[in-house]
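Protein chains: 2
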Amino acid sequence: MISSIAELISDRIGTMPAGERRAAQTLIANYPLTGLKTVAEFSTAAGVSSPTILRFVARLGFQNYPEFQSTLQDELAAQLQSPASRTFNPPSPNGSAVSPMLEATLDNMRETFRHLSDKQLADIAAKLADRRGKTFLIGGRFTDPLARYMAAHLAIIQPNVFHLAGQESVWRDRLIDMGKRDVLVIFDIRRYQDSLVRFAETAHQRGVQLVLFTDQWLSPIARFARHVIAGRTAVPSAWDSSAALFVVAETLIGAVTRQLEADGAKRIRELESLR
Amino acid sequence: MISSIAELISDRIGTMPAGERRAAQTLIANYPLTGLKTVAEFSTAAGVSSPTILRFVARLGFQNYPEFQSTLQDELAAQLQSPASRTFNPPSPNGSAVSPMLEATLDNMRETFRHLSDKQLADIAAKLADRRGKTFLIGGRFTDPLARYMAAHLAIIQPNVFHLAGQESVWRDRLIDMGKRDVLVIFDIRRYQDSLVRFAETAHQRGVQLVLFTDQWLSPIARFARHVIAGRTAVPSAWDSSAALFVVAETLIGAVTRQLEADGAKRIRELESLR
DNA sequence: GGAGCGCTGTATCGTATATTACGTATTTTG
DNA sequence: CAAAATACGTAATATACGATACAGCGCTCC
Numbered sequence: 001m002i003s004s005i006a007e008l009i010s011d012r013i014g015t016m017p018a019g020e021r022r023a024a025q026t027l028i029a030n031y032p033l034t035g036l037k038t039v040a041e042f043s044t045a046a047g048v049s050s051p052t053i054l055r056f057v058a059r060l061g062f063q064n065y066p067e068f069q070s071t072l073q074d075e076l077a078a079q080l081q082s083p084a085s086r087t088f089n090p091p092s093p094n095g096s097a098v099s100p101m102l103e104a105t106l107d108n109m110r111e112t113f114r115h116l117s118d119k120q121l122a123d124i125a126a127k128l129a130d131r132r133g134k135t136f137l138i139g140g141r142f143t144d145p146l147a148r149y150m151a152a153h154l155a156i157i158q159p160n161v162f163h164l165a166g167q168e169s170v171w172r173d174r175l176i177d178m179g180k181r182d183v184l185v186i187f188d189i190r191r192y193q194d195s196l197v198r199f200a201e202t203a204h205q206r207g208v209q210l211v212l213f214t215d216q217w218l219s220p221i222a223r224f225a226r227h228v229i230a231g232r233t234a235v236p237s238a239w240d241s242s243a244a245l246f247v248v249a250e251t252l253i254g255a256v257t258r259q260l261e262a263d264g265a266k267r268i269r270e271l272e273s274l275r
Numbered sequence: 001m002i003s004s005i006a007e008l009i010s011d012r013i014g015t016m017p018a019g020e021r022r023a024a025q026t027l028i029a030n031y032p033l034t035g036l037k038t039v040a041e042f043s044t045a046a047g048v049s050s051p052t053i054l055r056f057v058a059r060l061g062f063q064n065y066p067e068f069q070s071t072l073q074d075e076l077a078a079q080l081q082s083p084a085s086r087t088f089n090p091p092s093p094n095g096s097a098v099s100p101m102l103e104a105t106l107d108n109m110r111e112t113f114r115h116l117s118d119k120q121l122a123d124i125a126a127k128l129a130d131r132r133g134k135t136f137l138i139g140g141r142f143t144d145p146l147a148r149y150m151a152a153h154l155a156i157i158q159p160n161v162f163h164l165a166g167q168e169s170v171w172r173d174r175l176i177d178m179g180k181r182d183v184l185v186i187f188d189i190r191r192y193q194d195s196l197v198r199f200a201e202t203a204h205q206r207g208v209q210l211v212l213f214t215d216q217w218l219s220p221i222a223r224f225a226r227h228v229i230a231g232r233t234a235v236p237s238a239w240d241s242s243a244a245l246f247v248v249a250e251t252l253i254g255a256v257t258r259q260l261e262a263d264g265a266k267r268i269r270e271l272e273s274l275r
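These protein sequences, in sequence, are chains V and B.
Our numbering applies: residue 1 is where the first sequence begins, and numbers increase by one.
Our numbering applies: residue 1 is where the second sequence begins, and numbers increase by one.
Listed below in structure tokens is the structure:
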């Protein structure tokens, strides 16, 4: 059963020609506001002409544009009156395949954060924000993108942030640069990579502080790590999910940024003037 | 400080004549929907004449009715984009600083998937699993790790998956290899990168099918894209969050894998024997 | 490679909408 | 109680909005 225009659109979006599909996508992207504007505004927002918009609403089964708009308004009215209905996802009618995936992921995140105290995060953030040493980041086969993501942000708000990429021999050579004041952030989930474990161990012996992102079964690197973040990874898929770790990473990025702002770092002020 | 029209009204409602007061009360009663309708509808709803409505909005300080309406729409847009603010957060038990970040992220995911039908995801998955063409992936400054993450998985279950890295000139040269049967997956969130837009446009002209991961404000690439995934990115942080897009990516990876399993691809069987 | 079809944009038209002018009713004040 | 000022609605007008006809273009299918 189709109850909202949004559903109606996503139901038929596959059968639409290119122009109308653009209209559909722009409407969905910030639903339902674009639909409440005039045809002209809608059309420029979607990058198509006004007749295309009208053909689009006609395809959805409306006689004219005003009828389409008032339907949207009725929907909006119903939403605004019952806040609860919004929070609650209507259980997907067709027993979909994506819903369990999403639910599992959300559960993973809640679980992950439940076992993660503010103090832990604050400690790690403080360590990462402490600019007396360098920060290195590295990840495994599937998690290296997370290391990159974190490095991309941290490198902006502070100097001396390095992502270790390429072949093992390349980053092994970087060990020379690492010492007691430095931090090494490692991402390692099953199946744990020997090369990473060896690398972590050597770094640990040199006095480098290790921050480990791993799964709930804990990479062997946990033995050497100063801080361990254990994320839930189980989802109904052939692959493990790194989403929980990703969110922790984002949270840390935010915390470090705030920390540096609080420290009044000149770099941050300069950064803000650029934004 | 007066931030919303509702406040503005309740501030001045005392000084209004009877007719305009009725207009004000009608608007407040089911705010802000009545204000989005036409002057005529507004007037009948309030039981007054249209000029009274116009005098009412003029008294609020607006030059004309459309200006009043667009202000209301902007307000509504701000509300709808941050579901967290509406839903009345249960005060987190430990009054933590990470909680708002997590809550916002969870909201973003629910909201993102709410606008994403199974059908859409299935279509994209089918396209990605269709092995008659090649798959290219690329991302922007902060989102390229997502492209890498997806590429790392897809490249295992099927051949001809390429992540485009390095300098712009490098991937521009790869355009030669791209044609009608190929798919280009692009990640682009604010601030949208010109280089990516140009690249997408050229690829589109060559007949390449574009799958775009973007934010709710839609990258300009949406004009050329066959499929658009609009993820919510707003979090209480100095940075935008890509977590919702990350989860969509993982969901897609899972869907493609399942699809290929269903197709009985030899590669998958071999893969499973290796696991 | 050619013919047909479908999609899209430009230009135009009719109409509904916001706006303004004006007259009447109602309240207020001396 | 009278007179003036304010408020409100009716009616006319101009604007801008939605709708439509038509032509050009690309695409698909013989």
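All C-beta atoms, glycine included, are put in the ideal place defined by N, C-alpha and C.
Predicted model only: the values in this text are computed from it and were never measured.
With 7 Å as the C-beta to C-beta threshold (strictly closer), list the residues of the segment 102-128 of chain B near chain V in chain order.
-> L102, T105, L106, M109, R110, F113, R114, H115, S117, D118, K119, Q120, L121, D123
Look at the Cβ atom of V/L154, then the Cβ atom of V/L128, and state whether they are nearer than 8 Å.
-> Yes, the pair counts as a contact, with Cβ atoms nearer than the cut-off.
When the distance is taken between beta carbons, is V/A18 closer than 8 Å to V/A46?
-> no
Are the segment 212-222 of chain V and the segment 185-192 of chain V touching by the rule of at least three beta carbon pairs closer than 8 Å?
-> yes
To the nearest angstrom, how far is it from the Cα of V/L278 to the Cα of V/F142?
-> A query on residue 278 of chain V cannot be resolved here, the shown segment of chain V reaching from 1 to 275 and no further.
In or out: V/A244 buried (at least 16 other Cβ within 10 Å) or exposed?
-> buried
Closest by CA to V/V197, which one among V/V247, V/E20, V/G139, V/L72?
-> When each option's Cα is compared against that of V/V197, the closest is V/G139.
Taking 8 Å as the threshold, find out whether the segment 27-34 of chain V comes into contact with the segment 65-78 of chain B through three or more Cβ pairs.
-> yes
From the beta carbon of B/E250, is the nearest beta carbon of chain V less than 8 Å away?
-> yes
Over what stretch of residues does the beta strand (DSSP E) that includes B/L8 continue unbroken?
-> First-last for B/L8: 5-12, but that is the alpha helix (DSSP H), not the beta strand (DSSP E).
At a cut of 8 Å, does the segment 165-182 of chain V reach the segment 193-208 of chain V through at least three beta carbon pairs?
-> yes
Per-residue burial, V/E250 [other beta carbons within 10 Å of its own, 16 or more giving buried] | Under this definition V/E250 is a buried residue.
If we cut at 8 Å on Cβ distances, does B/V228 have a partner in chain V?
-> The beta carbon of B/V228 sits closer than 8 Å to some beta carbon of chain V.
Exposed or buried, what is V/K134 when buried is set at 16 or more other beta-carbons lying within 10 Å of its beta-carbon?
-> buried
Mind listing the chain V neighbours of B/Y149? Cutoff is C-beta to C-beta under 8 Å, in chain order.
-> F142, P145, L146, S242
Can you say whether V/V170 is buried or exposed, counting buried as having 16 or more other CB atoms within 10 angstroms of its CB?
-> exposed
Interface flag, V/G231 vs chain B, CB-CB below 8 Å | no
Output yes or no for whether 8 Å exceeds the beta carbon distance between B/D240 and B/A230.
-> Cβ atoms of B/D240 and B/A230: not closer than 8 Å.
First and last residue of the beta strand (DSSP E) that includes V/D215?
-> 209-215
Can you tell me whether V/Q69 is buried or exposed, with buried defined as 16 or more other CB within 10 angstroms of its CB?
-> buried
Just the C-alpha distance for B/V235 and V/A255, rounded to the nearest angstrom, thanks.
-> 12 Å
Could you tell me which of V/L212, V/R132, V/L175 sits nearest to V/F199, measuring between CA atoms?
-> Nearest to V/F199 by C-alpha distance, out of V/L212, V/R132, V/L175, is V/L175.
With respect to the alpha helix (DSSP H) encompassing B/H153, which residues constitute its N-terminal and C-terminal limits?
-> Its alpha helix (DSSP H) spans residues 144-157.
Given V/E7 as reference, the closest of B/R114, B/G61, B/V228 once Cα atoms are compared = Looking at the Cα atoms, B/R114 is the closest of the given residues.
When DSSP labels each residue in this structure, what does B/T38 get in the three-state scheme?
-> coil
May I have the straight-line CA-CA distance separating V/P66 from B/S237, to the nearest angstrom?
-> If I take the Cα positions, the gap works out to 39 Å.
Which chain B residues are close to V/W171, counting only those with a beta carbon under 7 Å from its beta carbon?
-> None at all; the shortest Cβ gap to chain B is about 17 Å.
DSSP-derived helix/strand/coil call for B/F62 = It is coil, neither helix nor strand.
Is it the case that the CB of B/R59 approaches a heavy atom of the ligand GTP more closely than 7 Å?
-> Absent from the structure shown: the ligand GTP. Ligands present: none.
For V/A259 versus V/A152, is the C-beta distance shorter than 8 Å?
-> Per the sequence presented here, residue 259 of chain V reads as Gln, with Ala not at that position. Cβ atoms of V/Q259 and V/A152: not closer than 8 Å.
State the beta-bridge partners of B/A230 as determined by DSSP.
-> B/A230 is bridged by DSSP to B/T214.
Nearest to V/V228 (by Cα), restricted to the options V/R267, V/I124, V/Q167, V/Y149 = V/I124
Can V/S50 and V/V39 be called in contact, C-beta distance under 8 Å?
-> yes
Exposed or buried, what is V/G35 when buried is set at 16 or more other beta-carbons lying within 10 Å of its beta-carbon?
-> buried
Run down chain V in chain order and give the residues with a C-beta less than 7 Å from the C-beta of B/G254.
-> M101, S237, A238, W239
Just checking my contact of V/R232 with V/E111 at CB under 8 Å: how many whole Å lie between their CB atoms?
-> Contact between V/R232 and V/E111 is confirmed by a C-beta separation of about 5 Å, below the 8 Å threshold.
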